Structure formats: structure tokens, C-alpha cells
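Chains as they are written, first to last, in this note's numbering: chain G, 1 to 383; chain B, 1001 to 1383.
There are 2 protein chains.
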Amino acid sequence: MMTAQSPVDLTTYPPIDPPERILLGPGPSMADPRVLRAMSAPLVGHLDPYFIEIMERTQHLLRYVFQTRNPLTFSISGTGTAAMEAAIANMVEPRDPVLVCVAGYFGQRIAEMAERYGGDVRTITVPWGEVFAPQMVASALKEHHARVVAIVQAETSTGVYQPIKEIADVVHMSTGILIVDAVTSLGGMPVDVDANGIDVCYSGSQKCLGCPPGASPITFSPRAEQKLRSRQGRQAVIRNWYLDVTGLEKYWMVRPPQYHHTAPITANYALYEGLRLVAEEGLENRWARHHRNAEKLWKGLADLDLTLHVPEEHRLTTLTTVRIPDVVDDMAIRQRLLSEYNIEISGGLGELKGKVWRIGLMGYSSREENIALLLAALEKLLS
Amino acid sequence: MMTAQSPVDLTTYPPIDPPERILLGPGPSMADPRVLRAMSAPLVGHLDPYFIEIMERTQHLLRYVFQTRNPLTFSISGTGTAAMEAAIANMVEPRDPVLVCVAGYFGQRIAEMAERYGGDVRTITVPWGEVFAPQMVASALKEHHARVVAIVQAETSTGVYQPIKEIADVVHMSTGILIVDAVTSLGGMPVDVDANGIDVCYSGSQKCLGCPPGASPITFSPRAEQKLRSRQGRQAVIRNWYLDVTGLEKYWMVRPPQYHHTAPITANYALYEGLRLVAEEGLENRWARHHRNAEKLWKGLADLDLTLHVPEEHRLTTLTTVRIPDVVDDMAIRQRLLSEYNIEISGGLGELKGKVWRIGLMGYSSREENIALLLAALEKLLS
């Protein structure tokens, strides 16, 4: 046994005591205080009858926020990117033709992941800030008969809300599976999995659901399940152990549950409480609140002579991209917002870096007082 | 927009209010109350200067508990199994000869994962409850010149503590990389990454570190880093996006950090506070506490005429496997422990199912009063 030592005096490290930020970036948003309290409840085991009850109720709540009857609906034990990877790893078999609609950073990420899982990936693109016409997807599917099509409904990098229903119809006519990223819409804007004909839909907990990141919703339609079960031969084994739905479903869907991995107990407590808050408020009221508050923000930004990047009819209400005026120093303004007002907003990502700010009004962060404060601060800093 | 509806009345779901369990199974163990309080602090963004400071301090603390100088030391945004997969995904290239020492359930899991990542996997086995002789590993390496060797130091399924130093020497003579699973040892028993010559070591937060599951420590030696950087051609791309260390290190190791995925902020708060508690107690005092309490448990179990599965010299102090007497109903006793005493212990896993109970004394759960209560309860239930 060696003598335990460290080159740093670790006993001087202070306890956790974060500044009270007003989180108006692209996520994480502020967690509802009720969620934080739920999270600090004592742990139970991942096979405890109490925890199993919470899992089952979480599944019911998730079906409600997704607006789906899909039995295979649960949470992934990781953040939103892990849920994205769960969708891809389980749906994309090596050599599967895959079509990814790329109109932002997260569309690119999906395409990159699909390649890692051996997909024969093609992309179609529109400029960052625009939407796909269903006809464009139809044309692409004629050339590349994709078994899997993926699109980001609510692009956190651009602030655009893509039309899903018409694209889903096109994908299904061509017998494909449609994967939809709802990380920045679920709980804040309509996702409507069944009505829109979405086959695999995933999200995160840290945006419009008002929880910390760590347990991420996902749902698979019967058609997606069928694709999963029809994987054969060497392709039958999912090339990812932690995110393998054929293993995860033995924990989530079978009683008594079989051990797969230790669930992140407190993250699941948090998700349950966050979903309960959605059910109490009511999905439609919640969508209306996000809409109402976004309109206030948009009006206020216009009053400051700032230009929004996305035309109103395609805008997310949960995340707004606003063009940074040429004369303004991106970083300096954001740093002053943080240091002088404790407000976090975010810069652009990818090709919009330096060109836009991203302002999120998601979940618990979508509140009138936050908008008033941000607008007052921007007015002062930009004058 | 469809009308939001649910077939279940979700508004009747109660808030989180778990029973106060005494968690003496193989994990999760009880979280230290200080950790739960740290976790309920308000969120900051994953690129916030405050969070970056917490990340850096966490890395220093992790180097201390791992007893390593490895720069590439951080946490994976998932539970222990995700950290296992991070080790395998980054070290095992397709067609790499891999040797896995299997002496329990988690050794099997490693072998299964290594196959998913395309490794040319061989296993050597000893009965569940025994240790590997270094000579056995040396012989196997003569036949199968493995680039990667993996072993579980502390098998949660058997209660055995494997010797690492001698095996590491054998692996390095054969120029391989040694991966060690320390999920049930880190913070409770010596792991000593540098002194033992471990190349990749990972753990979970929910056992001897006294945190909830959700952020899992991992460290890579310079030799492991070299293997990672020497991946070439199609093998250069890690077949897992979320766990790709070449992406993660741009967030953890580069300043300013580059966005990879949204860190599970509160799980990182928890890990930081759990590690601070380890530093305050001191690693060696902590090892001694786990040892002292395990001896009390062992003595008490012997007084109840129960037989321990593992000889004392190879026993974990963090997890004890005790044989279930033939006349005793495994499930009935565990259910009564839970319902009458609020105590969770666990049954056997894999080939020890129905044969042993697994009693964990890990982190905050390793306390004298828990042992006294468990022994009193067992005495009553077994009489």
C-alpha cells in the first residue's frame, strides 16, 4: 500500500456554492426548485419497489409529454447527446442507407454519429435558419432509398422549428423510419409523436422540462421496434452496450426488471418531478406560456433595433437567435451580462459563431421577469 | 396542434418521497447528506467559469483518489457501465487482440463489450470467488498476444479483490495496455493507479465515493494515451460518439473548453463534494474504516454460523459475499429485510444467483450502526 498523497492541498477546496445564474442560453436552463428538492431525497436501489413505481409513472408521464401511445418509452441514463446516440445506434445498421436533413450543428452531429455506426449516410442541407420543403426530402429519397431518415425538429444552433408531419409522410411513403430530435422542443413546443408520425423521438431533461441534465427521454414507435427486432446476423448486436435498447427494455419493460446498469437514481427523481410539473401545468398551457414569453422577447429585441435570424413563422419559441450588430463585441457583451447581471446567454455555434446570440426561454427559465431583466441589461450594455 | 391528453390521470401522481433505505447491497450505496445538499445547488451552464473551476478541482481530486499523475483524468457523464464502455471503446480497435480475465459477472460484461467494438477477444477464467495467478495471464499472453488486457479489481458479483501489480507487470512485459475496473474499490480500498501500473482505470460514483450514480471517474496513463493517438485510418474514429475521449478531452483538457455535450451539472457537483469528503477523511483512513467495518461484519456473520464465499486474504472489504444456507429462502429473507427493517442487501448475480447474498459496506453506508442493525435483523429472521 503506497502512502496516499496529492501535490495539491485538496483540503482547501471550498464546498459547492455556485453563483445564482439566470440561465437564458441554449441549455441547461434553470431547474425548477421543486425538481432540485426532489433530487435531494435519499437514494433507493435501482431494483427497489419504490424506484420501479417511479420508473413506471415516469413512462406514463413521458408518453403524455411525447403525446404517444408507444409502449417503448423511457429515459436514457445520460444527457441529450446520449439519447441521440441511442436513437442512431439502435436504428442504423451497418450499410443501412441513411438520410440526414442538416440545417444546423445538431443535424451535423447526427450525420457524424450515423457514419460511426456504419450507415451509408447522405445529407441534404438548407442554410442555417431555413426549413426543409418536404419535396426536397422526397427527391433525396428517390436517389438514396434511406431506411432511416433523421431531422432535428428544434435546432438549438439556429432557432428554427422544422415541419415534421409532411416530412414524416414522405418518409413513410418510402417505407423509412423517421428519427426526430426534440431536445429543444419537448415540453415547450408541440412534438406530438403519434400525430406527426415520428418513429423515434428523443430529448433532454435540461431544457424545456426544467430538470438538470442526466436522464433523457426517448420513445420508439411499433414500426421502429419492428426494425430493431428485424436486425439479423452480425447486425443483430447493437454496437453500443450502454445504449442497447434490447438490453435496456429488460429493465424498463419487463417485470420483475432485469439489471442492466445502475440507473442514475436522483436524475430519475428529477425527471419524474419535472414531468409532474408539466402535467400539472398542462402541455398546452405550457406551449402557450413559451409562446407568450417568446413574443415578449421578440418585441423587446426589435425595440432595441436588433434583428432576429429566423422569420417568425419558423421560429422556435424556446430558443431565439438574434443577429449581433457589426459594431458590437460578442464576447464582451456576454461576459458583462454574466459578471454584471448573472445572466447567461450563448454565442453562435458552427457557421453562426460570432454572428448570432442564442437566447433560451425554456422550462422554468421562461418567465416574464427574466425577459424584463435581460432586455434592460441589453439596453444598457448596447447603448 | 393536437389536444394534449393522457389515458392516465397524471395529476394524482405523488411527489418524490422515498422510504429511508439503509443501502447495504452492491450499489448504489447511501449518498452522504452533504453530497445531496451539494447536488441541490442551483445549476450553472456547462461552460460557466464557475463550472470550469469545479471541473478542474474535480480532476485534482480524482488524481488523488486514483493515486495517479495522469493528466487525462476526468468523469464520464453516465453511470459506471458507461465508464467501462469508455475504456473499451477508446482502447479496443477492430481486430485488436484482447484478453479479458473473467472471474465474475462484470468480467463477462467487459468481454462482451470488447467484442462489440470488434476486438479479437479471448478470455481466461477462474471460478467465481478465486483470484488469477499472474502466471496464468503470462501463459495466455504467449498464445494470444493481446494489445489490451482487462480485469476487474473488485468484482461486485463475487466479492474478490484481484491482485493487480503482478498482472500489470506481466501485461507490460508483453507490451499490452491494462484496463482495470475499480467500480467497487475506488475510495474504499487501494487502487493506486501509478504504483500498480494501471493504464486505464474507471469507477462509479455510487459505491465507495458516496454519491448518486451519474458521473463516473476514469483515468488514462500516458501509455494508454499513446495507444489512443496511434489509432490510424478507419480505426482512428472511435465507434462511440458520446464516450469518445478525443472529443471529451477538448472539453476537459483544453482552455477555453470546447463544447462536446452538456455535462450533467448536478452529478458533477455531487462527485466534487463526494471527492472532497474523501480528501477530508484521507484515503488511508477511509481504507482503514472500510477494513475495520468489514471485519466487524465478517465476525458477526460467522457468529450467525454463516459461511463467507471468499477466503479472507482475497476478500473485498467493500462488498461481502455470504453463502445462503440451504434451508433458507433467499427472496423471502431479502424481502423481509426490506419491508421490516428498510435494509437492502442483494442476491447473487450470474452463476452465484440463489447461492450468495451480497452485502455492501461502501462509502457512507460503511458505518457501525448499519452493521449492528443488519446483524440483529439477520439473527431474528434466520432463527
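All C-beta atoms in this analysis are idealised placements derived from N, C-alpha and C, irrespective of residue type, glycine included. This one's a predicted model, so the numbers in the text were calculated from it and none came from an experiment.
Beta-carbon within less than 7 Å of residue i's beta-carbon, same chain only, minus the 5 sequence neighbours each way: which residues are those?
i                   : result
proline 1007/B      : none
alanine 1372/B      : none
glutamine 301/G     : Going by the sequence as given, residue 301/G is leucine instead of glutamine. Result list for leucine 301/G: Leu308 and Val322, in chain order.
lysine 1355/B       : Arg1323, Ile1324 and Gly1348
alanine 168/G       : Leu178, Asn196, Gly197 and Ile198
glutamine 1235/B    : Glu1093 and Pro1094
histidine 144/G     : Pro97, Leu99 and Arg122
leucine 954/B       : The structure shown does not extend to residue 954/B, since chain B is modelled only from 1001 through 1383, so no value can be given for it.
glycine 969/B       : Given that chain B is displayed from residue 1001 to residue 1383, the structure contains no residue 969/B and the question cannot be resolved.
phenylalanine 106/G : Val152, Glu155, Thr156, Ser157 and Asp181
lysine 1227/B       : Met1091 and Ile1177
arginine 334/G      : Ile345 and Gly347
alanine 1111/B      : Val1100, Val1102, Val1121 and Thr1123
glycine 1078/B      : Ser1216
Taking its Cβ as the centre, do 16 or more other Cβ atoms sit within 10 Å of residue i, making it buried, or is it exposed?
i                 : result
arginine 1229/B   : exposed
asparagine 420/G  : Because chain G is modelled from 1 through 383, residue 420/G falls outside the range shown and cannot be assessed.
serine 203/G      : buried
tryptophan 298/G  : buried
glycine 282/G     : exposed
serine 205/G      : buried
aspartate 329/G   : exposed
serine 1339/B     : exposed
methionine 1189/B : buried
alanine 1146/B    : buried
Return no unless some Cβ of chain G is closer than 8 Å to the Cβ of residue i.
i                 : result
serine 1075/B     : no
glutamate 1284/B  : yes
aspartate 1330/B  : no
leucine 1023/B    : yes
serine 1366/B     : no
proline 1018/B    : yes
asparagine 1240/B : yes
threonine 1068/B  : no
aspartate 1305/B  : no
glutamate 1056/B  : no
glycine 1350/B    : no
tyrosine 1161/B   : no
Does the beta carbon of residue i come closer than 8 Å to any beta carbon on chain B?
i                : result
asparagine 370/G : no
alanine 38/G     : yes
alanine 168/G    : no
threonine 79/G   : yes
serine 174/G     : no
histidine 261/G  : yes
proline 42/G     : yes
arginine 276/G   : yes
isoleucine 265/G : yes
Thinking C-beta only, is residue j closer than 8 Å to residue i?
i                 : j                 : result
threonine 318/G   : cysteine 211/G    : no
methionine 1091/B : isoleucine 1164/B : no
lysine 1296/B     : glutamate 1249/B  : no
valine 193/G      : alanine 87/G      : no
proline 19/G      : alanine 1263/B    : no
arginine 1276/B   : leucine 1061/B    : yes
valine 160/G      : alanine 103/G     : yes
alanine 1270/B    : alanine 1038/B    : yes
asparagine 1070/B : serine 1221/B     : yes
methionine 1113/B : methionine 1084/B : yes
isoleucine 1054/B : asparagine 1268/B : yes
leucine 72/G      : threonine 219/G   : yes
Within its chain, find whatever has a CB closer than 8 Å to the CB of residue i; leave out the 5 residues flanking it on each side and keep chain order.
i              : result
proline 15/G   : none
arginine 57/G  : Tyr272
arginine 315/G : Gly159, Val160, Tyr161, Ala294, Trp298 and Leu308
Excluding the 5 residues preceding and the 5 following residue i in the sequence, name in chain order all residues of the same chain whose CB lies nearer than 6 Å to its CB.
i                : result
valine 1171/B    : Val1149 and Leu1178
asparagine 240/G : Ala89
leucine 1306/B   : Val1322
valine 44/G      : Tyr50 and Phe51
alanine 1396/B   : What the structure shows of chain B is the stretch from 1001 to 1383, and residue 1396/B is not part of that stretch, so it cannot be assessed.
isoleucine 265/G : Leu43
Answer yes or no: the CB of residue i versus the heavy atoms of the ligand HEM, is any distance below 7 Å?
i             : result
glycine 104/G : For the ligand HEM, the structure offers nothing, since it holds no ligand at all.
Ordered list of beta strand (DSSP E) runs contained in the region 1131-1184 of chain B, each at least 3 residues = Taking only runs of at least 3 residues, the beta strand (DSSP E) segments lying wholly in the region 1131-1184 of chain B are 1148-1152 and 1177-1181.
Fully enclosed by the region 1186-1225 of chain B, which alpha helix (DSSP H) runs are 4 residues long or longer?
-> Those alpha helix (DSSP H) runs which fall completely within the region 1186-1225 of chain B and span 4+ residues are 1193-1196.
Where in the region 1286-1331 of chain B do unbroken runs of the beta strand (DSSP E), each at least 3 residues long, occur, reported from the N-terminal end onward?
-> Contiguous beta strand (DSSP E) elements confined to the region 1286-1331 of chain B occur at 1319-1323, taking only those with 3 or more residues.
Start-end ranges of the alpha helix (DSSP H) lying completely within the region 226-266 of chain G, minimum 4 residues | List check, alpha helix (DSSP H) in window: 245-252.
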